[in-house]
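For reference, the structure discussed in these notes is given below.
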Amino acid sequence: MTKKGKARRVREMRAIRATDSLPALSVLTDLPSFDELSPSDGQRQAYAEACSRAESAGGPVDELVLGCVVRLDRGYPAVVTDGGTFRAEFATRLTKGDFNRVAVGDWVCARRPQSHEMGLIEEILPRESDIARWRGSNRGERQTLAANVDLVIVVQQLSDREVDFSRVARSAVIVRDCGAELAVVLSKADRAGADGVARDIDALREVLGDDLRMVVTMAGAAEDAETDDVRRASEGRGVSFGEAGVHALVPPGVVAIVLGESGAGKSTLLNALLGRDVLETGAVRESDDKGRHTTVARRMVSLPDGGVIVDEPGLRSLPLIGHERGLALVFPDIAGQAALCRFRNCTHTHEPGCAVNEHADNLGYAGRRLDAYLSLAREMRESRQLIDPDVVI
Ligand SMILES: Nc1nc2c(ncn2[C@@H]2O[C@H](COP(=O)(O)OP(=O)(O)OP(=O)(O)O)[C@@H](O)[C@H]2O)c(=O)[nH]1
Ligand SMILES: [Mg+2]
Ligand SMILES: [Zn+2]
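Using my numbering, read the sequence shown as starting at 1 and increasing by one per residue.
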């Protein structure tokens, strides 16, 4: 065997071993069915075009199927189609060059040869939305966490201290920049108690506005006085309490994703919605209250009488790079004023003729809302300067 041939054989054997250790699709429950997911008209059109390209290239067209990526295990996709679910590899064309990795939620044109267990992804169809965050430093890249998602549920854990509203604000900017709707789940309400829940709802409203959709949850809440107090504190402020409130955010036809740091309680919440322990959960470290990155696969689960949610591994960092549009969508009142400042590059800190500061009081965003905006805006200005000019943001 030539050196090259040997290297190829080693690669093939490794690939086989890697896919062997993946969970068999037959044992995976709660994967959505094809009917629960719907491609947009544009994606159907793109699929038809991909089929005619394959036809003119002379390949067997009857092997082509429209599918949705419902799981990624260590990068290996599982694809659901009208005719069933299968694991798939990538066509060589896709693995070469500037290959944009497939994400959960992607619609694809796949090939399913009769004689093979494995399918082949021929094309990734254009995305309707793209939940992406920046990964790496100044030479980093955008990483798509999920594609074609309608709603992002940011899960933020509560504690006896005030909620980390700057993290929620940062998540909100990224979500709105990606073209998805936003809702916030405040988990672990038992740790905050009724007074803490009231304090945290008020803080988030002050920073992110009254329209912010929120649900307060408490895993395994007993029907006792403590739960009643937390429920009253939430509902009294117009915020729903419990898993039912989260379920209501994801009716049939909606595809959502849970996003939050490790240990926030994302998988615990999804298990409660599924009514069974489908997803693995893990304890947080006592010393710093951080999770241990229990979830490693990205996967969709289908809610009983509801839509579909993607469980995600916890995110360590959410750098803000190039999300100016998201900032303007989350803080439209402040961004509107910023356009009226005397200097186009006004930092709204010390400049004369600053419309943002001049109207802060009468437009009602003075205080923590303005502080949050200013610190996110500053971070984006600084990160833009640090990015390698050759990197496409
Ligand atoms: N006190 C309390 N603990 C909770 C609650 N919800 C989840 N937890 C605990 O928090 C820990 C982390 O929960 P997970 O559901 O694994 O967290 P995750 O967000 O999925 O974490 P990763 O998969 O690592 O991203 C587990 O020990 C849960 O039992 C809650 O409402 N109250
Ligand atoms: Mg998890
Ligand atoms: Zn200004």
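The beta carbon of each residue, even a glycine, is placed where N, CA and C say it ideally should be.
None of the values given here were measured: they were computed from a predicted structure.
For residue i, which of the options has the nearest alpha-carbon?
i      : options                           : result
Gly282 : Pro313, Arg298 and Gly306         : Pro313
Leu269 : His293, Lys290, Gly253 and Ala244 : Ala244
Pro304 : His350, Val246 and Ala328         : Val246
Val185 : Leu318, Asp30, Gly367 and Gly260  : Gly260
Arg87  : Glu324, Pro77 and Val310          : Pro77
Val197 : Phe165, Ala233, Asp164 and Gly291 : Ala233
Leu145 : Gly75, Asp195, Arg167 and Val168  : Gly75
Leu31  : Val239, Ser166 and Leu72          : Leu72
Trp134 : Val239, Ser171 and Leu363         : Ser171
Ala394 : Asp229, Leu151 and Val61          : Lying before the first or after the last residue shown, residue 394 is absent from the chain, which here runs from 1 to 393.
Glu36  : Pro251, Ile174 and Arg142         : Pro251
Thr85  : Val61, Arg112 and Thr92           : Arg112
Val284 : Gly263, Arg344 and Arg384         : Gly263
Leu394 : Thr227, Leu64, Ala377 and Ala169  : No answer is possible for residue 394: it lies beyond the span of the chain, which begins at 1 and ends at 393.
Thr347 : Phe331, Asp62, Ser375 and Ala222  : Ser375
Ser383 : Asn345, Gly322 and His350         : Gly322
Ser187 : Val215, Val308, Asp211 and Ala46  : Val215
Gly367 : Gly209, Glu351, Asp224 and Pro319 : Gly209
Val330 : Phe90, Arg213, Thr217 and Gln114  : Arg213
Assign residue i to one of three DSSP states: helix, strand, or coil.
i      : result
Ser187 : strand
Phe34  : helix
Tyr76  : strand
Phe331 : coil
Ala132 : strand
Asp311 : strand
His350 : coil
Met118 : coil
Leu376 : helix
Thr81  : strand
Val273 : Looking at the sequence shown, residue 273 is not Val but Leu. Reduced to three states, the DSSP call for Leu273 is helix.
Phe86  : strand
Glu162 : coil
Leu212 : coil
Ile124 : strand
Ala50  : helix
Asp98  : Note on Asp98: pLDDT 48, under 50, position unreliable in the model; no value is reported.
Val197 : helix
Ala264 : coil
Arg384 : helix
Gly42  : helix
Thr144 : strand
Arg170 : helix
Ala222 : coil
Gly336 : helix
Looking at residue j and residue i, is the spacing between their C-beta atoms short of 8 Å?
i      : j      : result
Glu123 : Ala50  : yes
Val70  : Val108 : no
Gly67  : Ala110 : yes
Ser397 : Asn148 : No information on residue 397 is available, as it lies outside the stretch 1 to 393 that the chain covers here.
Val163 : Asp200 : yes
Leu125 : Gln43  : yes
Ala256 : Ile309 : yes
Ala402 : Val356 : The structure shown does not extend to residue 402, since the chain is modelled only from 1 to 393, so the question has no answer here.
Ala221 : Gly238 : no
Leu182 : Val154 : yes
Val61  : Ala54  : yes
With a threshold of 6 Å on Cβ separation, who are the neighbours of residue i within its own chain once the five nearest residues in sequence on each side are excluded?
i      : result
Gly353 : Arg342
Ala335 : Ala328
Leu370 : Ala360
Leu363 : Asp333
Gly105 : Ala146, Ala147, Asn148 and Val149
Glu280 : Thr294
Arg299 : Arg71 and Asp311
Got a sec? Which residues, its chain only, sit under 7 Å from residue i by beta carbon, not counting five neighbours each side?
i      : result
Gly275 : Pro304
Asp277 : Asn271
Glu324 : Met380
Ala219 : Gly265, Thr268 and Ala272
Val296 : Pro313
Phe34  : Val80, Thr81 and Asp82
Val254 : Asp150, Leu151 and Gly307
Ala180 : Ser129, Ile131, Val149, Asp150, Leu151 and Val152
With a threshold of 8 Å between beta carbons, is residue i in contact with chain C?
i      : result
Ile121 : The chain labelled as chain C is not found in the depicted structure, where only one protein chain is given.
Excluding the 5 residues preceding and the 5 following residue i in the sequence, name in chain order all residues of the same chain whose CB lies nearer than 8 Å to its CB.
i      : result
Ala248 : Ser240
Gly326 : Ala172, Val173, Ile174, Val175, Arg176, Asp177 and Cys178
Gly193 : Asp160, Glu226, Asp229 and Val230
Ser302 : Asp30, Leu31, Pro32, Ser33, Glu36 and Val308
Arg340 : Looking at the sequence shown, residue 340 is not Arg but Leu. The answer, listed in chain order, is Ala355.
Using 8 Å as the cut-off, can you tell me whether the segment 117-124 makes contact with the segment 157-165, which would need three or more C-beta pairs spanning the two stretches below that distance? Touching, no.
Evaluate contact between the segment 284-294 and the segment 125-134, counting only Cβ atoms and requiring at least three cross-stretch pairs below 8 Å. Contact fails: fewer than three Cβ-Cβ distances are below 8 Å.
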